[in-house]
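What follows is a set of notes on a single structure, which appears directly below.
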Amino acid sequence: TFSSLWHLARRIRLTSSNVRCVPKKPTTDCTRAAQSLINPSFTGNAATRHGRTFEPVARAAFASQTALTVTPSGTVVCSDHPWLSASPDGLLEDIDALLEIKCPHLDNVWDLMPTKNYDIQTINGELRLSPTGVNGYYSHVQFAMFCCKKNNAFLYLWSAKGKINVIVPYDQQYVEDNFPRLRKFYFTEMLPRVQVMHKQGKFHVTRQYAR
Numbered sequence: 112t113f114s115s116l117w118h119l120a121r122r123i124r125l126t127s128s129n130v131r132c133v134p135k136k137p138t139t140d141c142t143r144a145a146q147s148l149i150n151p152s153f154t155g156n157a158a159t160r161h162g163r164t165f166e167p168v169a170r171a172a173f174a175s176q177t178a179l180t181v182t183p184s185g186t187v188v189c190s191d192h193p194w195l196s197a198s199p200d201g202l203l204e205d206i207d208a209l210l211e212i213k214c215p216h217l218d219n220v221w222d223l224m225p226t227k228n229y230d231i232q233t234i235n236g237e238l239r240l241s242p243t244g245v246n247g248y249y250s251h252v253q254f255a256m257f258c259c260k261k262n263n264a265f266l267y268l269w270s271a272k273g274k275i276n277v278i279v280p281y282d283q284q285y286v287e288d289n290f291p292r293l294r295k296f297y298f299t300e301m302l303p304r305v306q307v308m309h310k311q312g313k314f315h316v317t318r319q320y321a322r
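The numbering of the sequence shown is the numbering used here, which starts it at 112 and goes up by one.
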């Protein structure tokens, strides 16, 4: 099915949404991180179900608010580095941008703004996405732009009583600084484990995907 192919495509690659899980210190044991990405045990909770339910609502609200046309997107495999992929919540072809939607499980997303370590901060009166945010939204959005070859992203936070729209420009220096660490992790930690599991019959690649 499409769903099984989507999950398989994510399991054999490093995705923009999980690059934050890759250890930053070279001395950190990567075993747990690699295993959790290849064999994810998390199946969802109330917060993720809330997000899936209201994502279409948020996408429609964004389109109405900005008067932009949002094109749905599936998984985008990086053409230059096919071990990387992204699944943006929409593409905005006319303005060279992509859309990432977050639907926090609360009444008003603006209640998150006073939080010291939250991903979105107000700097000189402007909303900006922080590279050190607790949820890793910055790395998510930057590597999504890298995979999709976009120069801008809209991070749209939706709730019933409030919406936040942040424009995030592509940060080439950030991507270049982090890319070697991600590549090393994939080829020395993730891929060898996938190969071993495949040989052991524990990682099945469907014939449909192999095509």
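All C-beta atoms in this analysis are idealised placements derived from N, C-alpha and C, irrespective of residue type, glycine included.
As the structure is a computational prediction, the values presented were derived from the model and not from experiment.
Pro134: not part of any alpha helix (DSSP H); DSSP gives it neither H nor E. In the structure shown, Leu203 adopts extended strand secondary structure according to DSSP, grouped into three states. Beta-bridge annotation (DSSP): Val187 is paired with Ala197. For Ser270, the secondary structure class from DSSP, reduced to helix, strand or coil, is strand. Between Ser250 and Lys136, the alpha-carbon positions lie close to 16 Å from each other.
For Ser184, the closest C-alpha among the options Val277, Ala172, Pro199, Ile275 is that of Pro199. Relative to Leu266, the option among Leu148, Leu203, Pro291 whose CA is nearest is Leu203. When DSSP states are grouped into helix, strand and coil, Asn262 belongs to the coil group. A direct Cα-Cα distance of roughly 32 Å separates Gln146 from Pro280.
In this structure, the beta-carbon distance from Leu293 to Val130 falls below 8 Å.
Take the alpha-carbon of Val305 and the one of Asp288: they are about 26 Å apart.
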